[in-house]
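The structure under discussion appears below in the form of structure tokens.
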Amino acid sequence: MSEGNIHSAPCTINSNEGLVWGAAAAGRSNGTSGVLVYKIKEQKKSLDYLWNVPYERKNSLNSWSCEFML
1 MSEGNIHSAP CTINSNEGLV WGAAAAGRSN GTSGVLVYKI KEQKKSLDYL
51 WNVPYERKNS LNSWSCEFML
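For the sequence shown, full-length UniProt numbering gives the first residue as 1, with consecutive numbering after it.
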């Protein structure tokens, strides 16, 4: 696994608020991939988001998955 960069520390998103987030290959030789986990305190659940945006897309495609976990 290669090193990554963290843009900012964890933050709180209150009820009735939103968050915009995106990922894209930035022309580097490694693309981007990762995992985000949002904890939902009121429901004691989490929202897990996984993505993969490879630099070279000849043999693979962009992919993502989003699931609620109890």
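In this text, a Cβ means the ideal position worked out from N, Cα and C, and glycines have one as well.
Short Cβ contact (8 Å threshold) for residue i with residue j
{"i": "LEU47", "j": "VAL35", "result": "no"}
{"i": "VAL53", "j": "SER33", "result": "yes"}
Span separating the alpha-carbon of residue i from that of residue j
{"i": "ASN30", "j": "TRP64", "result": "17 Å"}
{"i": "MET1", "j": "SER15", "result": "Note that MET1 scores 47 on pLDDT, short of 50, meaning its location in the model is unreliable; the coordinates nonetheless yield the value given after this. The straight-line gap from Cα to Cα measures roughly 35 Å."}
{"i": "GLU42", "j": "ILE13", "result": "12 Å"}
{"i": "GLY18", "j": "CYS66", "result": "16 Å"}
Boundaries (first-last residue) of the beta strand (DSSP E) holding residue i
{"i": "VAL53", "result": "45 to 53"}
{"i": "ILE40", "result": "32 to 40"}
Beta-carbon separation (whole angstroms), residue i vs residue j, contact threshold 8 Å
{"i": "PHE68", "j": "LYS45", "result": "6 Å"}
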